[in-house]
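A.B. asks: Quick note on the UniProt record's numbering: the sequence shown kicks off at 1 and runs consecutively. Every residue gets a Cβ at the ideal spot worked out from N, C-alpha and C, and that includes glycine. This one's a predicted model, so the numbers in the text were calculated from it and none came from an experiment. The structure follows.
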Amino acid sequence: MATEEFYEVERVVDRRRSKKGGLEYLVRWRGFGSEGDTWEPESHLSTCMVHVHQFNHQQRDRTLLRSTRYCSPTPCSPPPRTCRPPPFSRTYDPPSPAGWGLVSGPLSGSIRSVDLSRIKILVPKSPMPSRPPQDSPSEAALSLGGPEDQLGPPSEAALALGGPEEKPAGVQLGPGEERARMGTRPRGQNPPPGAPPPSGAPPPSGDPLLVVQTAVTGATGSLGRRRLDEGPGFDKRLRFSVRQTESAYRYRDLVVRKQDGFTHILLSCRGSQDNRLTPEVMKEIQSAMATAASDDSQLVLLGAVGNVFCCGLDFLYFIRRLTDDRKKESIKMAETIRTFVNTFIQFRKPIIAAVNGPALGLGAAILPLCDVVWANEKAWFQTPYAAYGQTPDACSSFTFPRIMGLAAANELLLSGRKLTAQEACSKGLVSQVLWPGTFTQEVMLRVRELVTVLQESKALMRNTSRSALEQTNERECEALKRVWGSSQGTDAILQNLQRGTELC
């Protein structure tokens, strides 16, 4: 289990480009192994840029090392060794049959232990007889990069790469040719001595042409043969399933951890750097909470990765779908929000929200549905419903006036006033404001103290308002369907997006 330094970055493992072109880093968290690595945008790592700079410096060093390793040789250096004669020519020099010519001569002066002037290579004067495409070694080698379903059994694939041909009696194999021949038959499938060759294999022959062809093709297809000989083929689809089965708490836009007596849910949306909510993200949160409701967790801790808690609905995602079928998509989105909010209303175990940064719209409206809200001093809260021409959601039309009074709720819901963490605490939206430098450590200590609280305590406090919250949620979602289904509501969202107003 993690200690108080649960979210401390140990090191950066990898780097990639997101679909939008931004940089993302694969982070190794202190106290967790490789199965806990998560991809984080660069903006989420502002407090640990030392690890990012260290990783980038190491990457540059590796690039320089590779570039110096593969640079072109200087004129004074000896010429590179480009080819090597077939090793069987050192021990086997058959008489030249009709139709064959001799090509001899030194290949390189860099080999001192062998007299290269005596090496002879046999090449045919006439073209080699054509082979069927499926038996061509080059075609079989190229087919290794294709889909795996095109490959046959390992034995057939090895034969297609230029299977083993028997050498004439009395011919000694050189070390290079033995290496080229080692991989033509999969391990564990060598037939016993005297066994007939498999069907489809070329018959043994003493023709020197086959000997030369085997030695030449052995070098070109050695890499492909080695891959096939290592064992049965690996299904690419397993790469996705292995990642998902490493932990039962693995999600695309969430980081979910099972701690001592509680479940920690962290927003880490890949589609946006400010943790905006889409239907997929909301469904993942519902799934994580359903798992926590059925296991031995005493409570749920809801937080976020980075410097932003949640900036509400992803209206850019939403408006792209409203243009196709406005009425259908507005109903679909409103129903998604209704189900999402009901998950918080009907959750029987305590919910603790750790607001590490700005919370806007739906991200701020769900806070009164949590039992305890701790906020970072740098966090701020806003519900800019008027800017988007939208009505309140997540029961905020009921919970905000009940918590902070009608006047303060109207100012927040109707005019979109921004509240600091201290103001939100004084109005009752936040339970306590914690120091930014030790926010994570303070939250973890306080959560462990609350694990002993039984869920019956929440039932006593929430049962009186549960039905009222569900009815309010139903009314708000019906209002959202009407607003989003109208042209005025769509135009208001478009105008706000075109102005490029960045609320987070």
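Where are the beta strand (DSSP E) runs, 3 residues long or more, that stay fully inside the region 386-442, in chain order?
C.D. replies: With a minimum length of 3 residues, the continuous beta strand (DSSP E) runs that stay inside the region 386-442 are 432-434.
A.B. asks: Looking at residue 337 and residue 394, is the spacing between their C-beta atoms short of 9 Å?
C.D. replies: Counting from one through the sequence shown, the residue named residue 394 turns up at place 394. Counting from one through the sequence shown, the residue named residue 337 turns up at place 337. A contact, by the Cβ cut-off of 9 Å.
A.B. asks: Taking 8 Å as the limit between beta carbons, can you name the residues of its chain near residue 422, skipping five residues before and five after?
C.D. replies: For this step, residue 422 is matched to residue 422 along the sequence shown. Excluding sequence neighbours, residue 422 sits near 377, 433.
A.B. asks: Among 22, 23, 492, 48, which one has its Cα closest to the Cα of residue 11?
C.D. replies: As a position in the sequence shown, residue 11 is number 11, starting the count at 1. Of the listed residues, the one whose Cα sits closest to residue 11 is 48.
A.B. asks: Verify whether the separation of the beta carbon atoms of residue 553 and residue 281 is less than 9 Å.
C.D. replies: Here the chain comprises residues numbered 1 to 504, so residue 553 is not present and cannot be evaluated.
A.B. asks: Nearest CA to the CA of residue 401: which residue from 363, 262, 429, 314?
C.D. replies: Here residue 401 refers to the residue found at position 401 when the sequence shown is read from its first residue. Of 363, 262, 429, 314, the residue nearest in Cα terms is 429.
A.B. asks: Checking contacts by CB at 9 Å: is residue 305 closer than that to chain C?
C.D. replies: No chain C appears in the structure shown, which is made up of a single protein chain.
A.B. asks: Looking at the secondary structure, which residues open and close the alpha helix (DSSP H) in which residue 322 lies?
C.D. replies: Locating residue 322 in the sequence shown gives position 322, where the first residue counts as 1. Per DSSP, residue 322 belongs to the alpha helix (DSSP H) from 315-322.
A.B. asks: In terms of alpha-carbon separation, which member of 474, 64, 360, 16 lies closest to residue 381?
C.D. replies: The residue given as residue 381 occupies position 381 in the sequence shown. Among 474, 64, 360, 16, the Cα nearest to that of residue 381 is on 360.
A.B. asks: Output yes or no for whether 9 Å exceeds the beta carbon distance between residue 306 and residue 277.
C.D. replies: The sequence position of residue 306 within the sequence shown is 306, counting from 1. The sequence position of residue 277 within the sequence shown is 277, counting from 1. Not a contact, by the Cβ cut-off of 9 Å.
A.B. asks: Decide yes or no for the touch test of the region 483-500 against the region 316-324: beta carbon pairs closer than 8 Å, at least 3 of them.
C.D. replies: Result yes; three or more Cβ-Cβ pairs closer than 8 Å.
A.B. asks: Quick one: what's residue 255 bridged to in DSSP?
C.D. replies: The count along the sequence shown starts at 1 and reaches residue 255 at position 255. Note: residue 255 sits in a beta bridge opposite 250, 266.
A.B. asks: So, is residue 289 buried or exposed, given that buried needs 16 or more other C-beta atoms within 10 angstroms?
C.D. replies: Working through the sequence shown from its first residue, we reach residue 289 at position 289. Flag for residue 289 reads buried.
A.B. asks: If I follow the unbroken alpha helix (DSSP H) through residue 292, where does it start and stop?
C.D. replies: Counting from one through the sequence shown, the residue named residue 292 turns up at place 292. Taken as a continuous stretch (DSSP letters only), the alpha helix (DSSP H) holding residue 292 covers 279-294.
A.B. asks: Below 7 Å CB to CB, which residues in the same chain sit around residue 371 once its five sequence neighbours on both sides are set aside?
C.D. replies: Here residue 371 corresponds to residue number 371 of the sequence shown, with the count starting at 1. Closer than 7 Å at the Cβ level, and outside the excluded window around residue 371, lie 350, 351, 352, 458.
A.B. asks: Check for me: the alpha helix (DSSP H) holding residue 344 runs from which residue to which?
C.D. replies: Translated into positions along the sequence shown, residue 344 becomes position 344. Start and end: 326-346.
A.B. asks: Which partner residues of residue 366 appear in the DSSP bridge assignment?
C.D. replies: By 1-based counting over the sequence shown, the position of residue 366 is 366. Answer by DSSP bridge pairing: none, since residue 366 is not bridged.
A.B. asks: For residue 491, which three-state DSSP category applies?
C.D. replies: Reading the sequence shown from its first residue, position 491 is the one you call residue 491. Helix, per DSSP.
A.B. asks: For residue 487 versus residue 250, is the C-beta distance shorter than 9 Å?
C.D. replies: Residue mapping note: residue 487 aligns to position 487 of the sequence shown, counting from 1. Residue mapping note: residue 250 aligns to position 250 of the sequence shown, counting from 1. Against a cut-off of 9 Å, the Cβ pair of residue 250 and residue 487 comes out as no contact.
A.B. asks: Based on DSSP bridge pairs, tell me the residues matched to residue 310.
C.D. replies: Translated into the one-based positions of the sequence shown, residue 310 becomes position 310. BP columns for residue 310 point to 359.
A.B. asks: Checking 9 Å against the spacing of the C-beta atoms, do residue 23 and residue 13 come in under that value?
C.D. replies: The residue given as residue 23 occupies position 23 in the sequence shown. The residue given as residue 13 occupies position 13 in the sequence shown. No, these two residues do not count as a Cβ contact at 9 Å.
A.B. asks: Would you list the residues sitting across from residue 382 in a DSSP beta bridge?
C.D. replies: Taking the sequence shown and counting its residues from 1, one reaches residue 382 at position 382. Paired residue(s): 360.
A.B. asks: In the DSSP assignment, what residue or residues form a beta bridge with residue 37?
C.D. replies: The sequence position of residue 37 within the sequence shown is 37, counting from 1. DSSP lists no partner for residue 37.
A.B. asks: Can residue 443 and residue 301 be called in contact, C-beta distance under 9 Å?
C.D. replies: For the purposes of this step, residue 443 is taken as residue 443 along the sequence shown, with counting starting at 1. For the purposes of this step, residue 301 is taken as residue 301 along the sequence shown, with counting starting at 1. It is a contact, given that the beta carbons lie within the stated cut-off.
A.B. asks: Could you give the distance in angstroms between the alpha-carbon of residue 356 and the alpha-carbon of residue 374?
C.D. replies: Numbered from its first residue, the sequence shown carries residue 356 at position 356. Numbered from its first residue, the sequence shown carries residue 374 at position 374. Taking the straight line joining both Cα atoms gives about 8 Å.
A.B. asks: What are the boundary residues of the beta strand (DSSP E) that residue 45 is part of?
C.D. replies: Along the sequence shown, one-based indexing puts residue 45 at 45. Residue 45 -> no beta strand (DSSP E), and no H or E assigned at all.
A.B. asks: Taking the alpha carbon of residue 284 as the reference point, which residue from 475, 295, 340 has its own alpha carbon closest?
C.D. replies: The residue labelled residue 284 in the question sits at position 284 within the sequence shown. That would be 340, whose Cα lies nearest to the Cα of residue 284.
A.B. asks: Tell me which residues share the same chain as residue 15 and place their Cβ nearer than 6 Å to its Cβ, disregarding the 5 neighbours each side in the sequence.
C.D. replies: Within the sequence shown, numbered from 1, the residue matching residue 15 stands at position 15. 25.
A.B. asks: By alpha-carbon positions, which one of 9, 392, 36 ends up nearest to residue 44?
C.D. replies: As a first step, residue 44 is located in the sequence shown; it is residue number 44 there, counting from the start. Taking only the C-alpha atoms, the option nearest residue 44 is 9.
A.B. asks: Taking only three categories from DSSP, how would you classify residue 15?
C.D. replies: By 1-based counting over the sequence shown, the position of residue 15 is 15. If DSSP states are grouped into helix, strand and coil, residue 15 belongs with the strands.
A.B. asks: Are the Cβ atoms of residue 483 and residue 391 separated by less than 9 Å?
C.D. replies: Translated into the one-based positions of the sequence shown, residue 483 becomes position 483. Translated into the one-based positions of the sequence shown, residue 391 becomes position 391. Yes. Within cutoff.
A.B. asks: Could you name the residues of the same chain whose beta carbon sits closer than 6 Å to that of residue 379, not counting the 5 residues immediately before and after it, in chain order?
C.D. replies: Numbered from its first residue, the sequence shown carries residue 379 at position 379. Here the set comprises 355, 357, 421.
A.B. asks: I believe residue 489 touches residue 389 by the beta-carbon criterion, under 8 Å. Please report the beta-carbon distance rounded to the nearest angstrom.
C.D. replies: What you label residue 489 is simply residue 489 of the sequence shown in a count that begins at 1. What you label residue 389 is simply residue 389 of the sequence shown in a count that begins at 1. With 8 Å as the limit, residue 489 and residue 389 qualify as a contact, their Cβ atoms being about 5 Å apart.
A.B. asks: Kindly identify the DSSP beta-bridge partner or partners of residue 303.
C.D. replies: Taking the sequence shown and counting its residues from 1, the one referred to as residue 303 is at position 303. Paired residue(s): 266.
A.B. asks: Compute the distance between the beta-carbons of residue 468 and residue 398, then report whether it is under 9 Å.
C.D. replies: Indexing the sequence shown from 1 puts residue 468 at position 468. Indexing the sequence shown from 1 puts residue 398 at position 398. Cβ distance < 9 Å, so residue 468 and residue 398 count as in contact.
A.B. asks: Spatial neighbours of residue 424 within its chain, please: CB distance less than 7 Å, with the 5 preceding and 5 following residues excluded, ordered by chain position.
C.D. replies: Along the sequence shown, one-based indexing puts residue 424 at 424. Here the set comprises 375, 381, 430.
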